[in-house]
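J.: Take a look at this one; I'll ask things after.
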Amino acid sequence: MKGILARVITCSALAAAMLGFVSTGWAADVKSETLDAIKKRDQLICGVDTGIPGFAFQDSAGKWQGLDIAYCRAIAAAVLGDPEKVKYVGTTAKVRFSVLQSGEIDVLIRDSTHTLSRNTDLGLATGAINFFTGQAFMVKKSLNVAHVKELDGATICLITGTTLELNIADYGRANNIKINTLLFDKPEEAFAAAEAGRCDGYTDDGGSVAAARSTMKTPGDWVILPELISREFLGSYCRQGDERWSILVKWVHYAMLEAETLGITQANIDEIKASATNPEVRGFLGLENDYGKFLGVDNDWAYRIIKAVGNYGENYDKYFGPLELPRGWNKLYKDGGLQYPLSWR
Amino acid sequence: MVRRPSPRAYVAQWVFLAGLVVVGGLLIVNLGANLARRNMHFGFGFLTNKAGFDIPFHLLEWTTFDIYAKALLVSLLNTLLVSAMSIVSATLLGLLVGIMRLSVNWLVRNLALAFIEFVRNTPQLVQIIFWYFAVLQTLPPPRQSIVLPGGFLLNIRGLYVPDVVMQAHAALLPWLAGLLLVATPFAWRLKIRERRLGALALILPVIALLLVNLGIAQVTVPALKGFNIAGGVQVPPELVALWAGLTIYATAFIAEIVRSSIEAVPKGQHEAARSLGLRPARVLFLIILPQALRIMVPQLTSQYLNLIKSSTLGTAIAYPEIFQIFAGTVMNQSGKEVEIIIIVMAVFLTINLLFSAFMNWYNQRVALVER
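The listed protein sequences derive, respectively, from chains A and B. Residues in the first sequence are numbered consecutively from 1, following the working numbering. Residues in the second sequence are numbered consecutively from 346, following the working numbering.
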């Protein structure tokens with residue numbers, strides 16, 4: 001009898017050890033050059049915009065704020081456990097992809113449109129789309145323009161090195177009109193030129209146009225035309241060849257959406273965690289299952305993200321609410337929008 | 346007796362050269378490997394791809410159907426245009442300010458000094474942006490254009506000049522007229538039977554004018570239409586601001602070169618000329634400046650080369666020069682960073698080498714002939 005007991009104990013100990021070996025084997029399976037480098041330097045290097053309200057800007061205290069910044073902080077919280085461990089690198093539209101390709105930054109979260117040629121020819125891996133919008137136009141109210149088609153002969157200021165130049169040219173050709181463009185390196189000069197009247201309007205993706213209007217001397221003098229002439233689905237980019245890293249970046253985004261879907265916010269997350277019975281919520285918060293480990297971080301990762309920056313909706317309201325930009329396409333799928341988290345399974 | 350280098354020196358030189366070749370080769374191999382690792386391919390085939398974007402200011406015909414190679418040419422011409430304009434104006438202004446620096450009048454002398462010190466000691470990019478917004482702030486919107494005599498219009502969108510459209514069969518006439526204009530000063534100095542042609546040469550520009558007049562089909566005068574002025578040729582404020590920015594900055598340096606070169610001419614030359622009874626202006630232009638010129642030329646050359654390179658600052662104020670269009674828009678759309686930077690560097694190297702070759706030739710011409 002005693003012998004059997006001893007054998008059972010030995011066997012189960014062995015099995016447990018093997019399981020343990022296998023499970024540590026899983027964690028070790030997540031091989032990512034970028035992830036290892038970040039953990040080693042204990043800092044995430046995040047490429048962001050040089051300064052555009054809504055997405056990435058420095059507040060009066062010099063601290064970075066914005067939707068894209070929230071993603072940098074969320075990734076740092078998930079990987080390093082501290083949202084402050086981020087170094088921000090401001091990149092112009094012109095150099096952003098070179099900076100990423102050369103390895104100066106770990107991830108580019110800079111209101112960049114996901115396109116076919118960037119995904120293939122430029123050798124970039126797409127992360128997640130965190131902002132669905134299209135190319136919008138802002139014009140002086142006094143011009144009495146109601147539609148982009150009426151802009152024949154007008155001059156529009158914009159930033160060089162973007163998809164916008166091609167969109168305008170294609171739109172003009174399709175509609176048999178000619179919209180003149182004036183290309184600037186940085187938004188500040190483009191805004192100032194528009195303000196001075198050098199051009200009739202300013203164009204960019206919908207979020208940035210709303211941001212541009214908020215920086216004008218009298219925002220009320222400017223009107224954003226309702227038509228969007230292109231799809232600009234903005235999101236993060238990683239380098240190709242490190243798929244596990246881009247997967248993690250993608251799921252940080254889904255975590256912020258999943259939290260909103262489940263009604264978890266920065267304010268109520270501790271309360272919910274303490275009394276969670278719903279298996280979905282428990283899985284999300286890492287109380288059950290090993291989702292975090294599958295991604296190469298620990299199981300608390302989603303909890304830390306929401307605790308640090310809040311869910312997607314909270315961030316949208318915080319950064320785009322003041323710009324009076326309706327959420328539109330960026331509503332959750334269940335509210336008729338395009339933002340959805342994949343299944344937490 | 347000419348001393349021969351020792352065999353050891355020969356070996357050292359060859360080893361050094363071989364080392365350079367190896368390092369260069371390694372760099373190229375490394376570049377290729379890194380590009381391949383990032384799934385990028387080296388090649389210049391992209392130059393024949395369709396551009397698809399608009400270039401706001403162009404000297405050649407430009408449509409969105411044109412290829413990247415043409416975008417390079419169009420933006421290169423814009424670079425050359427603003428560089429040439431700035432070199433001419435900076436030279437004239439620099440000469441003026443440099444002479445003012447040596448004036449006996451206290452106010453003139455110190456005004457020039459203040460100008461030079463102010464311009465030399467502030468960043469050029471800041472100056473260019475300042476000029477751009479200074480220009481923009483002072484000009485009226487299109488609907489309140491300033492009407493200038495001769496059908497010229499001036500507003501915030503630029504200076505609009507009446508456009509002359511030539512008849513189809515007369516397309517070559519303006520070129521012929523231009524040729525005649527260029528030939529005029531040579532004809533002036535031409536000698537026939539030991540006599541200068543002189544003022545008779547002025548008949549050439551008159552013929553040119555008549556020729557052009559004959560070929561004109563119509564003149565389009567700029568007028569307000571919709572948002573903008575239609576018809577006529579537009580000189581954009583970006584060009585004017587960049588021109589002003591480059592000119593003023595180079596003027597300050599050229600003025601100092603002029604002053605130092607004039608001061609380097611031996612004092613005795615000035616005194617001798619004065620004692621012959623020449624008036625101050627004639628002393629300056631006949632005696633001092635020709636001698637100062639040969640001291641100036643080498644320094645001026647590097648100043649001009651700097652100016653050509655600085656024209657890339659136009660990218661900050663939306664002037665479509667080579668750096669903005671080719672190393673900006675084209676680079677972003679094709680993703681060919683390495684190739685494009687190589688091309689842009691090669692272009693600037695070619696321009697500057699040609700220019701400095703010309704200046705060296707000129708320098709030899711004006712240099713003191715020693716026997």
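We put the CB at the ideal spot given by N, CA and C, even for glycine.
1) Mind listing the chain B neighbours of SER98 (chain A)? Cutoff is C-beta to C-beta under 7 Å, in chain order.
2) Between B:ILE653, B:PHE572 and B:LEU650, which has its C-alpha nearest LEU151 (chain A)'s C-alpha?
3) Please name the residue, chosen from A:GLY47, A:PHE233, A:ILE306 and A:ARG73, that lies closest to ILE269 (chain A) on a Cα-to-Cα basis.
4) Measuring straight from C-alpha to C-alpha, what distance separates LYS39 (chain A) and VAL309 (chain A)?
5) Would LEU645 (chain B) be called buried (16 or more neighbouring beta carbons within 10 Å of its own) or exposed?
6) How about SER428 (chain B) and ILE653 (chain B): do their beta carbons lie closer than 8 Å?
7) So that I know if they touch, is there some Cβ in chain B lying closer than 8 Å to that of ASP200 (chain A)?
8) Where does PHE55 (chain A) fall in DSSP's three states?
9) Please tell me whether ASN299 (chain A) and TYR312 (chain A) are closer than 8 Å, where the distance is taken between their beta carbons.
10) Note the first and the last residue of the continuous beta strand (DSSP E) segment covering VAL675 (chain B).
11) Distance cutoff 8 Å, beta carbons only. Does ASN375 (chain B) sit that close to anything in chain A?
12) Identify, in the order they occur along the chain, each residue of the same chain with its Cβ nearer than 7 Å to the Cβ of MET676 (chain B), setting aside the five sequence neighbours on each side.
13) Please list the residues of the stretch 629-662 of chain B that have a C-beta atom closer than 8 Å to any C-beta atom in chain A, keeping them in chain order.
14) Counting contacts by CB-CB distance shorter than 8 Å, is LEU166 (chain A) in contact with chain B?
15) What do you reckon, are the CB atoms on LEU35 (chain A) and LEU80 (chain A) nearer than 8 Å?
16) Measuring alpha carbon to alpha carbon, tell me which residue in A:ARG304, A:ARG41, A:ARG345 and A:ASN130 is nearest LEU108 (chain A).
17) If we count the other Cβ atoms within 10 Å of its Cβ and call it buried at 16 or more, is ASN466 (chain B) buried or exposed?
18) Given a threshold of 16 other Cβ atoms within 10 Å of its Cβ, counted over all protein chains shown, does ILE548 (chain B) qualify as buried or as exposed?
19) Buried or exposed for ILE373 (chain B), please, with buried defined as at least 16 other CB atoms from any protein chain shown within 10 angstroms of its CB.
20) Answer yes if the stretch 430-449 of chain B comes into contact with the stretch 581-598 of chain B, meaning at least three C-beta pairs across the two stretches below 8 Å, and no otherwise.
21) How would you label ASN423 (chain B), buried or exposed, when you count the other beta carbons within 10 angstroms and need 16 or more for buried?
22) Kindly indicate if chain A contains any beta-carbon less than 8 Å away from that of ASN708 (chain B).
23) Is the Cβ-Cβ distance between ILE473 (chain B) and ALA586 (chain B) less than 8 Å?
24) Find the residues of chain A that neighbour GLY390 (chain B), judging by a C-beta separation of less than 9 Å, and give them in chain order.
25) Which residue wins for smallest C-alpha separation from LEU494 (chain B), given the options B:LEU484, B:ILE501 and B:TYR505?
26) Mind pulling the chain B residues with CB within less than 9 Å of ASP152 (chain A)?
27) Should the stretch 206-215 of chain A be called in touch with the stretch 255-267 of chain A, which here means at least 3 C-beta pairs below 8 Å?
28) Rounded to the nearest angstrom, what separates ASN330 (chain A) and PHE391 (chain B) at their Cα positions?
29) In whole angstroms, give me the CA-to-CA distance for VAL453 (chain B) and LEU425 (chain B).
30) Between the alpha carbons of PRO486 (chain B) and GLU195 (chain A), how many angstroms are there, rounded?
31) In this structure, does DSSP put GLY336 (chain A) in helix, strand or coil?
T.: This is what the structure gives:
1) Neighbours of SER98 (chain A) on chain B, chain order: GLU682.
2) Comparing Cα positions, the closest option is B:PHE572.
3) Ranking A:GLY47, A:PHE233, A:ILE306 and A:ARG73 by Cα distance to ILE269 (chain A) puts A:ILE306 first.
4) Answer to the nearest angstrom: the Cα atoms are 20 Å apart.
5) Label assigned to LEU645 (chain B): buried.
6) At the C-beta level, SER428 (chain B) and ILE653 (chain B) come within 8 Å of one another.
7) Residue contact with chain B for ASP200 (chain A): present (Cβ-Cβ distance below 8 Å to some residue of chain B).
8) Residue state, collapsed to three classes: coil.
9) Not closer than 8 Å, so no.
10) Element bounds for VAL675 (chain B): n/a, residue is neither H nor E.
11) So, not an interface residue.
12) Counting only Cβ-Cβ distances below 7 Å, and skipping sequence neighbours, we find GLU682 and ILE685.
13) Here the close residues are THR660, ALA661 and ILE662.
14) Closer than 8 Å to some Cβ of chain B, the Cβ of LEU166 (chain A) qualifies, so yes.
15) Inclusion of LEU35 (chain A) and LEU80 (chain A) in the CB contact set at 8 Å is not warranted, their separation being larger than that value.
16) From the listed residues A:ARG304, A:ARG41, A:ARG345 and A:ASN130, the smallest Cα separation to LEU108 (chain A) is found for A:ASN130.
17) Flag for ASN466 (chain B) reads exposed.
18) By the 10 Å Cβ count, ILE548 (chain B) comes out exposed.
19) By the neighbour-count rule (16 or more Cβ atoms within 10 Å), ILE373 (chain B) is not buried but exposed.
20) Yes, the stretch 581-598 of chain B is in contact with the stretch 430-449 of chain B.
21) With 16 or more other Cβ atoms within 10 Å, it is buried.
22) Any Cβ of chain A closer than 8 Å to the Cβ of ASN708 (chain B) would place that residue at the interface, and such an atom is absent.
23) Yes, they are a contact pair.
24) Chain A residues near GLY390 (chain B): none, gap ~12 Å exceeds 9 Å.
25) The residue asked about is misnamed: residue 494 (chain B) is Pro in this sequence, not Leu. It is B:TYR505.
26) Neighbours of ASP152 (chain A) on chain B, chain order: GLY571 and PHE572.
27) Segments in contact, no.
28) One C-alpha to the other measures close to 36 Å.
29) One Cα belongs to VAL453 (chain B), the other to LEU425 (chain B), and the distance between them is close to 34 Å.
30) Spanning the two alpha carbons is a distance of roughly 12 Å.
31) Of the three classes helix, strand and coil, the one that applies to GLY336 (chain A) here is coil, per DSSP.
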